[in-house]
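Residue numbers (the working numbering), protein chains in the order written: chain A, 324 to 1088; chain B, 103 to 442. Read through the structure below, which is laid out as structure tokens, and then see the notes.
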Ligand SMILES: Cc1ncc(C[n+]2csc(CCOP(=O)(O)OP(=O)(O)O)c2C)c(N)n1
Ligand code: SF4
Ligand code: SF4
Ligand code: SF4
Ligand SMILES: [Mg+2]
């Protein structure tokens, strides 16, 4: 916001002061650079880059084409394709997202297609942890991308500009990563300076020039031929040479950038190293913390300094060699281990760099610190300095490699033990009786009255961390009311997973597994088959008919975007299991970004509302119909606001999953936080979604469709506008000037409802 | 400016820590205060919050580190020894970590109703300044939020901050929204500044409050491998009381027909039932009450009950303890342990 910032006139180019986080700085840089296309998929802590850009876009501040991918693999594909077209391309990701994209990264570098990827670093799973370390970025060291490190929000802003120039340089032509510490930089606001001089920026960036593009039909080219030996090795020599050229080009671009901005970056940031005898080498924020401590130790007369590379690829080998030439001992801190290598990647590469200098005498110690976001305080830096000082004094390294800051534990201490297991009998109380009707060959269900269900022991314990009013838990409770016998659940990543298993506590009283939401369905299918095979081999006792363990894969709607491939594969194989989707219409765990299930026009943090944009741009995914097309024994929709209907369907689901194969169910699940409603509005909002036919309640049993609640038939049909008017995320659709949007919503709802109706009227559909 | 500047370190930061729960606006409040300092008071500053996954009701800390304009801020570590602590919910004062590290000459500001002086204030340094402001009532009356009231109190209580600058930054933050939001926030801010009350003679601690070093329950020698939790349902030990924001559901037994509908919708699984057999041999259930240890006060039960047996009532101190029916009798809670 310009009005908040004060102008700086002293620098070579006009700039303004601002107060921004790393993610905000990345978004501002993107706006100021004017990328053509961004392909992205949300993941903490980098999500805010796309969110900030969405907000700016809604206000007409840029015209970057923002493409919400179905997952990071898709996002990387979008970016690759876009970059082949010769424009400027941006992406932002972290952790598992980077790993999920990994497969595409060497493809892009090997075919020499520049773009910029901001990585807000975060530890990789498992177990899942959203905080900072460098284990994700260490995975891409071999991907062939240039990797710049940005130690604070200012550097994030600046490096994005440099990345364009470096990557697009004719001698380089490589994609570039800008890596900054998750939360510590991505979410920490600092004072920054940003450009306020579009012409100067434009002159600095120049135009992107591609020797080949996929958008010049007059000059046809083949990208990515089938290349075996003896050619591939030669292609890799070119790639190696490009990286070597980057060694030369990067300092040149940094120098040009210093002329433009007044901010002078080196390939290696060296602090008080001129006469240092002892050094601490760290990346990004930890190095900044260490500088404070270095000052203090200098006051004590200790000759210490801090070394911190501003790039990991190419690795600044010779700079490090010369900086450490006269250093007696260095501690290299790694925020990530290379298990079994006796050092994290930074330590290993520093050792390798020094080994090439026959005169070098520096003692090197390797310490793994700060994993999973463990804070790095002054005291930690001081301890590492003192270890290096001791080594320098004694001329000896006592412990070449160890973890710093881990906790051994305290004897018998531990979290509370938990609740006793629930016996099969306690949860097999016949709350729903399922009987096949031989005439129709469909199932019929008789439910016990609700009051009788209240004393069924809950397989989920209270004390979980969800928001007040969250609809997931009523849904789960209702499902558990009617499901009989033993159950094993897998939750894909999402609110339900995060709120029930905050270590060292779990709300699950039955066996629970988490896998990332790309792959939960496949994981359960493997477990199901192992169960049946071990039963067959007599290793696990066989259960009477209909009493096998029931396997349920619980997913959010978002998990049915990124995990769609695995889920459809699982569905096509028809394993005996249930996929239960709670649909809260967005990626809520990461702060409400659009999912493909988010309806048209709804506001999310990546489909903002403003003068230039009005919520999500495409209609919601019809997931039940996709699964119905897999010819499953049973597919249903339900709402947590209509328990009897849902519980009937759930008991059928168990019957089919025990005997015939895969069941898919989608349950509309209230999210007051992100739907922007009062916490107690579930009933009316869910009812309106159903009565307006936005969310029809139906089932597809053995291929034939049956509507279980028909608002038309009972005279309860209401306009979609009634429903939209109840939620803060949709109210704008009813405002003047949005008539088109309302009409398009109405038409889509009516079209889909009519189709279901027609299907339900025909016995074979 | 070269990017490896050589400022000298020293204890020249002014540091503020907000202790809150998700939904009360501590993060935005921190952003406003730090933004005011950096953009309007010509200071250097940083701001960040400690939350992980942003669920409403979970514990949130927000940190503001300020320095003179020419002093670079390099550390990104959380604030351990703050000059000021602002507590957004008086329930948080029960946790020793809330006051961890408060300096002897520091300031504590807490949200508390009139005359609400929690016994935990004895953990404050004797020489520190203690300020109470009724953030909840003021926010309610002004149709604003607690955060506006609390930063008003903060800006007035701390001479290092310029009240006018903070107020302007507050306005700028909400400038894009409806005019009435800016106005109501402005009024809440002003009342926070004007109605904050200094509480004398409550602290008992000599010198600084020691910084709390907390260890995880398990370490690498004791934790089961692979992160496995062989402790089914041990979230039942959590105490989530602070998630409620002034209101609680209350059951009137005489109106309840034990229909079970509320049990279908309660997200926190905290309705307590018992079984019995009628005089004529028929089994039945009774809704005995609510376990407030888990109840987050969403009022879905109230909304669903067709007989009006559960109603929404203002929560007064001690009420939950008195009315609570424990779901797992004999299970000792570990207060406020919420890792979401
Ligand atoms: C590969 C990968 N990409 C992104 C994420 C970040 N992420 C975690 S949960 C989530 C959203 C899940 O949405 P949904 O399945 O609808 O569940 P909800 O959070 O709404 O409950 C995202 C994007 C991740 N953990 N892993
Ligand atoms: S964000 Fe929504 S879905 Fe997630 S815990 Fe909160 S209410 Fe539930
Ligand atoms: S919904 Fe009302 S009447 Fe029914 S059991 Fe609950 S409190 Fe009693
Ligand atoms: S207010 Fe009612 S529905 Fe909500 S958590 Fe408390 S008891 Fe459950
Ligand atoms: Mg979702």
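Backbone N, C-alpha and C define an ideal beta-carbon position, used for all residues, glycine too. None of the values given here were measured: they were computed from a predicted structure.
| Check | Outcome |
| --- | --- |
| Cβ neighbours of residue 363 of chain B in the same chain (closer than 8 Å, five flanking residues each side left out) | 406, 407, 408 |
| Spatial distance of residue 990 of chain A from residue 350 of chain B (CA atoms) | 28 Å |
| First and last residue of the uninterrupted alpha helix (DSSP H) at residue 974 of chain A | 966-982 |
| Residue 988 of chain A burial status per 10 Å Cβ neighbour count (16 or more: buried) | buried |
| Buried or exposed (CB count within 10 angstroms, at least 16 for buried), residue 463 of chain A | buried |
| 6 Å Cβ shell around residue 330 of chain A - same chain, five flanking residues per side excluded | The predicted position of residue 330 of chain A is uncertain, since its pLDDT is 47 and thus under 50; a value taken from the coordinates is nonetheless stated next. Result list for residue 330 of chain A: 339, in chain order. |
| Among A/535, A/550, A/896, the one whose alpha carbon lies nearest that of residue 543 of chain A | A/535 |
| Members of the segment 729-740 of chain A that neighbour chain B once the beta carbon cut-off is set at 9 Å | 729, 730, 731, 732, 733, 734, 735, 736, 737, 738, 739, 740 |
| Range of the contiguous alpha helix (DSSP H) that encloses residue 574 of chain A | 555-584 |
| C-alpha gap between residue 366 of chain A and residue 913 of chain A, whole angstroms | 7 Å |
| Beta strand (DSSP E) segment containing residue 603 of chain A, residue limits | 601-604 |
| Ligand 3 heavy atom lying under 7 Å from the CB of residue 411 of chain B | yes |
| Distance CB(residue 123 of chain B)-CB(residue 191 of chain B) smaller than 8 Å | yes |
| Reduced DSSP category for residue 425 of chain B - H, G, I as helix; E, B as strand; rest coil | helix |
| Inter-stretch contact at 8 Å, needing at least 3 Cβ pairs: the segment 786-799 of chain A / the segment 417-427 of chain A | no |
| Beta carbon proximity, residue 514 of chain A to chain B, threshold 8 Å | yes |
| Best match in A/680, A/663, A/501 for proximity to residue 606 of chain A [C-alpha to C-alpha] | A/501 |
| Minimum C-alpha distance to residue 209 of chain B - residue among B/144, B/118, B/167, B/136 | B/118 |
| Beta-carbon neighbours of residue 322 of chain B, restricted to chain A and to distances below 8 Å | 729, 730, 731, 732 |
| Among B/129, B/169, B/130, B/120, the one whose alpha carbon lies nearest that of residue 143 of chain B | B/169 |
| Below-8 Å beta-carbon distance, residue 361 of chain B vs any chain A residue | yes |
| Helix, strand or coil at residue 937 of chain A [DSSP, three-state] | strand |
| Residue-chain proximity (residue 345 of chain B, chain A), Cβ-Cβ < 8 Å | yes |
| Chain-ordered chain B contacts of residue 828 of chain A [CB-CB under 8 Å] | 331, 333, 336, 337, 339, 340, 439, 441 |
| Contact the segment 709-726 of chain A vs the segment 689-697 of chain A: 3+ CB pairs below 8 Å | yes |
| Coarse secondary structure for residue 1089 of chain A, derived from DSSP in three states | Chain A is shown only over 324 to 1088; residue 1089 of chain A falls outside these bounds and no answer can be derived. |
| beta-carbon residue 839 of chain A near ligand 1 non-hydrogen atom, thresh 7 Å | yes |
| Contact with chain B by residue 482 of chain A, beta-carbon distance below 8 Å | no |
| Beta-carbon proximity list for residue 148 of chain B, same chain, < 6 Å, skipping 5 on both sides | 167, 175 |
| Option in B/430, B/224, B/258, B/388 with minimal Cα separation from residue 339 of chain B | B/430 |
| Cutoff 8 Å: residue 110 of chain B Cβ touching any chain A Cβ | Its pLDDT being 37, under 50, residue 110 of chain B is placed unreliably in this model, and the value from its coordinates should be taken loosely. By this cut-off, residue 110 of chain B is an interface position. |
| Residue 907 of chain A: CB within 7 Å of a non-hydrogen atom of ligand 1 | yes |
| Three-state secondary structure assigned by DSSP to residue 947 of chain A | helix |
| Buried or exposed by the 16-neighbour rule on C-beta atoms within 10 Å, applied to residue 322 of chain B | exposed |
| Which of helix, strand or coil DSSP assigns to residue 835 of chain A | strand |
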